[in-house]
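Numbering (my numbering), first residue to last: 4 to 863. Idealized CB from N, CA, C, for every residue including glycine. In this text the structure is predicted, and so the values were computed from the model without any measurement. Please read the structure below before turning to the comments.
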Amino acid sequence: MGPYDVLRKLGEGGMGEVFLARDSRLGRQVALKRLLPSKTGQDENRRLLREARAVAHINHPNIAAVYDVLETGERPHIVMEYVEGESLAQRLMEGPVPLPEVLSIGLQLADALVAAHAAGVVHRDLKPANVLMKGDRVKVLDFGLATMPAAPTSTDGPTAERISESFSVNPLAGTPAYMAPEQFLGRPLDERTDLYSLGVILFELLTGRRPYAGSDAVSLGLAVLTERPPKASDLNPEVPSSVSYLVGRAMSRDPEDRFESALAFRREFSRAAEELGQEPTLTAPIRWWLLDRFGPSRPRWVLAAAGAAGLALGVLIMMGRSCRVSAPEGAAPVVAVLPFADGGGEDDLGSGMAEVLISNLAGVPRMNVLASPATFSYRSLNPDIRRVATDLGANYVVNGRLQRSGDALLLTLNLVRGDTQVVAWSETFRGHVGGVFELQEEAATALAAALRVRLSERERQRFQATGTQSAEALAEYSRARVLLERPDVAGNIEQALTLFGKAIARDPRFALAHAGLGQAYWEKYRALKDVALAAAAKDATAEALRLEPEQPLVRYSLAVIYRGTGKVAEAREELERLLRAQPGNDEAHRLLGKILVDGGSVDEGLTHLRTAVELRPAFGANVSDLGMGYFRTGRFADAAASFRRLTELQPDNATAHQRLGSTYAAMGDRDKARASYEAALRIAPDTLTWANLGTLHFEAGNLEEAQRAFEGAARLDPRSAIAQRNVGDVHARRGRGGEARAAWERAAELCRVALTVNPKDAESLSLLGVLEAKLGRTALARTHAQEAMNLSPQAGHVLHRVGVVQALTGKPDDAVATLRQALARGYSVGFIRNDRDLDSLRSRPDFAALIDSPPPRGNF
Numbered sequence: 004m005g006p007y008d009v010l011r012k013l014g015e016g017g018m019g020e021v022f023l024a025r026d027s028r029l030g031r032q033v034a035l036k037r038l039l040p041s042k043t044g045q046d047e048n049r050r051l052l053r054e055a056r057a058v059a060h061i062n063h064p065n066i067a068a069v070y071d072v073l074e075t076g077e078r079p080h081i082v083m084e085y086v087e088g089e090s091l092a093q094r095l096m097e098g099p100v101p102l103p104e105v106l107s108i109g110l111q112l113a114d115a116l117v118a119a120h121a122a123g124v125v126h127r128d129l130k131p132a133n134v135l136m137k138g139d140r141v142k143v144l145d146f147g148l149a150t151m152p153a154a155p156t157s158t159d160g161p162t163a164e165r166i167s168e169s170f171s172v173n174p175l176a177g178t179p180a181y182m183a184p185e186q187f188l189g190r191p192l193d194e195r196t197d198l199y200s201l202g203v204i205l206f207e208l209l210t211g212r213r214p215y216a217g218s219d220a221v222s223l224g225l226a227v228l229t230e231r232p233p234k235a236s237d238l239n240p241e242v243p244s245s246v247s248y249l250v251g252r253a254m255s256r257d258p259e260d261r262f263e264s265a266l267a268f269r270r271e272f273s274r275a276a277e278e279l280g281q282e283p284t285l286t287a288p289i290r291w292w293l294l295d296r297f298g299p300s301r302p303r304w305v306l307a308a309a310g311a312a313g314l315a316l317g318v319l320i321m322m323g324r325s326c327r328v329s330a331p332e333g334a335a336p337v338v339a340v341l342p343f344a345d346g347g348g349e350d351d352l353g354s355g356m357a358e359v360l361i362s363n364l365a366g367v368p369r370m371n372v373l374a375s376p377a378t379f380s381y382r383s384l385n386p387d388i389r390r391v392a393t394d395l396g397a398n399y400v401v402n403g404r405l406q407r408s409g410d411a412l413l414l415t416l417n418l419v420r421g422d423t424q425v426v427a428w429s430e431t432f433r434g435h436v437g438g439v440f441e442l443q444e445e446a447a448t449a450l451a452a453a454l455r456v457r458l459s460e461r462e463r464q465r466f467q468a469t470g471t472q473s474a475e476a477l478a479e480y481s482r483a484r485v486l487l488e489r490p491d492v493a494g495n496i497e498q499a500l501t502l503f504g505k506a507i508a509r510d511p512r513f514a515l516a517h518a519g520l521g522q523a524y525w526e527k528y529r530a531l532k533d534v535a536l537a538a539a540a541k542d543a544t545a546e547a548l549r550l551e552p553e554q555p556l557v558r559y560s561l562a563v564i565y566r567g568t569g570k571v572a573e574a575r576e577e578l579e580r581l582l583r584a585q586p587g588n589d590e591a592h593r594l595l596g597k598i599l600v601d602g603g604s605v606d607e608g609l610t611h612l613r614t615a616v617e618l619r620p621a622f623g624a625n626v627s628d629l630g631m632g633y634f635r636t637g638r639f640a641d642a643a644a645s646f647r648r649l650t651e652l653q654p655d656n657a658t659a660h661q662r663l664g665s666t667y668a669a670m671g672d673r674d675k676a677r678a679s680y681e682a683a684l685r686i687a688p689d690t691l692t693w694a695n696l697g698t699l700h701f702e703a704g705n706l707e708e709a710q711r712a713f714e715g716a717a718r719l720d721p722r723s724a725i726a727q728r729n730v731g732d733v734h735a736r737r738g739r740g741g742e743a744r745a746a747w748e749r750a751a752e753l754c755r756v757a758l759t760v761n762p763k764d765a766e767s768l769s770l771l772g773v774l775e776a777k778l779g780r781t782a783l784a785r786t787h788a789q790e791a792m793n794l795s796p797q798a799g800h801v802l803h804r805v806g807v808v809q810a811l812t813g814k815p816d817d818a819v820a821t822l823r824q825a826l827a828r829g830y831s832v833g834f835i836r837n838d839r840d841l842d843s844l845r846s847r848p849d850f851a852a853l854i855d856s857p858p859p860r861g862n863f
């Protein structure tokens, strides 16, 4: 091709391909870049040439040089500097990078951006795959998106529709994981856009994890635009606070809050390195005086960039079965084990074997193995490994195939690098149905060796003692766990109970099946409030604990029971213990986050809830409970975003629509609340949804509609104390005192029954206080209200009920003070303003001021 002898193909991306060639005139190797035939057109060719022009006049040791342009035939070629080395994306497969190396990389990338920006070029697609390292030297590649600015398409706020529209117009305007907020919104860009991408890269280098999770551009964009930016030091305590601050500032959502230029960032980053006593490898000095004088003052429109498509250089190297994963000493790989495909039609046996493999590896402290429920949704034969890794935050994904012929079993395992889909290790194991766990032990030991994790003798013994020897019990257990993932689906809990029972009948010593049975009974108790179900849940969990006390899933089930029976301190201790062994257990993070939020440790609790979502962003329970954490603490906009996301993940989940409706109600948007409630009822009749819809009618004075809804809720769940309380309220409002008292008495008795299971249930105590106040039992009402407030002094909804008790029992001053506390903790002013039980306070100026202008939330 002209004077260049093409040697071999180096790689191919979504838009183009790259070849290694030799310049016959100068005797040097070069890289030839061209568009794919399907992408060749007049506009695309212009973009490729624009990239060449953008980089050709930049001469910097940290930027891959452009030597020439060949316009031969229909496809022009860029002749570029050939850079050998490892990309940062490959380097990140090994986990977090040591601090001195991060400082060196950060300074070199900043130097590259200073030079590019001084030349009027914004990269706009800076990401680890576009950065190569050769020794200590960093080289930035691929300026395919460095173009002249585009006018902003909109200044609307962050909505899924807005982001979807942006990507439908320009679907490859950058790499979503590293895109700045202004890119998602189609707004003007400048050099600060590259600073955001640099911040994300440094965050990932320091922590081994990206700051935001998302399975697609829309969900990732919503996370970038709505979630609180994380701190690197929160995920990796070894990151110095000064470095964490600088990286966080570079990732600021508002460009005005970032550094004014790459030069300003470079100065501060260099100063932090000096203060830490580090000696990073630096690039050749730049003429700072010239950049100081002319760099920041140049017109921003010269630096802005808009959409086009680029090509990231990369080569996939397939490795043989005997090869080990390259990982530094001390790095803890994050591993996701998928359910194994089964060539013999026994898919549940394959899922069960994956479950036990996870259980084995999860007990090894030097491995971060994601909890088994995280992988149940990826049960197809050929899942997208890169998407799985992104969704779950995994460095490595283990997939496999189980083939069965009679009693013979053949298990093939593959260890795949998450970002590149490179098969880093593969092995085949042979066994038989009667020795399924010997086969499992062999596979677990080999996989640990591939990950360079040395097993202690105790860990090897634990591999031998796992679970059950019954393949049928394992298959039934696996099916039950899948059903338990969606307790909101009618019939799932009953089927799970049946399957867990069958597994236990086959092997009474199968601890995981007993633990699953306990969780299933507890889910049924939560739905039906039958005390016998709570007792069954405790018995099943106790048996699992007796059989295998160190099993993580057993300890998690125990924590669920502890929390549900009022032993909150014990539940927290169990979860913290579990997370020390399994930092990637999203269920433990989620439950601990709920406990902390309920106990008033809001920031810490929300951090755990957000971590659960980061670990498994597509799991509905994680998204839902994060939304409830936001809701309970008055962050209603964040709560609505979470519940909207949940309705996208699970459109058939009635609870998702119900919780979204409750959030709209808290925000005062009655029309959207009603629409969400009605959407929930179209999916499945639900007690809480009918009760909430009835409350809208009750507050609006539509008493017939309210009574119809409240009685419908009570028929669906006769054990719901809230439903019976609502029936009593509407009867009282319509002048039917006898019917009202009868309903309140039923509700009070249901509260007392719930308190036999959990005597420290602040919600039941506070509701019982309200009911006793309505029934004229003043002393008991005040006693129970005070007990509830002592147990949950930070819970706004509990404080609201305590305020109601005080208002109904002649303590108006106390009532106003307590309601003020509820608002200070994020409770909805609309719920207080519309509560007819507070009518006795409406003539008071302090109450009027309270509901018209609630005080700001304090630090709690």
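CB-CB length for residue i against residue j, believed under 8 Å
i    : j    : result
Y830 : H787 : At roughly 20 Å, the Cβ-Cβ gap does not stay under 8 Å, so Y830 and H787 are not in contact.
K142 : V86  : 5 Å
A726 : D720 : 6 Å
P265 : A122 : Checking the sequence shown, residue 265 turns out to be Ala, not Pro. About 12 Å; that fails the 8 Å criterion.
Residue i - DSSP class collapsed to helix/strand/coil
i    : result
M670 : coil
F639 : helix
D655 : coil
S473 : coil
E241 : coil
Q32  : strand
G738 : coil
S264 : coil
D422 : coil
T501 : helix
G189 : coil
T568 : coil
N793 : helix
Distance between residue j and residue i (C-alpha atoms, nearest Å)
i    : j    : result
D71  : D26  : 11 Å
L531 : I496 : 12 Å
G697 : L663 : 16 Å
D257 : P184 : 8 Å
R509 : I361 : 22 Å
A357 : L416 : 10 Å
A735 : A746 : 10 Å
G602 : G632 : 12 Å
N837 : R575 : 36 Å
F701 : I835 : 14 Å
Buried or exposed by the 16-neighbour rule on C-beta atoms within 10 Å, applied to residue i
i    : result
K12  : exposed
A572 : exposed
G738 : exposed
G731 : buried
L106 : buried
D491 : buried
S408 : exposed
Close-in-space but distant-in-sequence residues of the same chain around residue i (CB under 6 Å, 5 per side omitted)
i    : result
A68  : E84
L135 : V86, G88, S90 and K142
V250 : G202, L205, F206 and A235
L418 : Y399, V401, A427, W428 and A453
R213 : A180 and E207
S325 : Note that S325 scores a pLDDT of 34, beneath 50, so its modelled location is shaky; the value from the coordinates is reported in the next line. Around S325: no qualifying Cβ.
Own chain partners of residue i with C-beta closer than 7 Å, once the 5 adjacent residues on each side are dropped
i    : result
T759 : V534
L649 : G623, V626, S627, G630, N656 and A659
A818 : G806, Q809, A810 and L844
Contact set for residue i: own chain, Cβ-Cβ below 8 Å, skip 5 residues either direction
i    : result
R28  : P6
Q877 : An answer regarding residue 877 cannot be provided, because it is not within the stretch 4 to 863 covered by the chain.
Interface flag, residue i vs chain D, CB-CB below 9 Å
i    : result
S264 : As a matter of chain content, chain D is missing from the structure shown, which is built from one protein chain.
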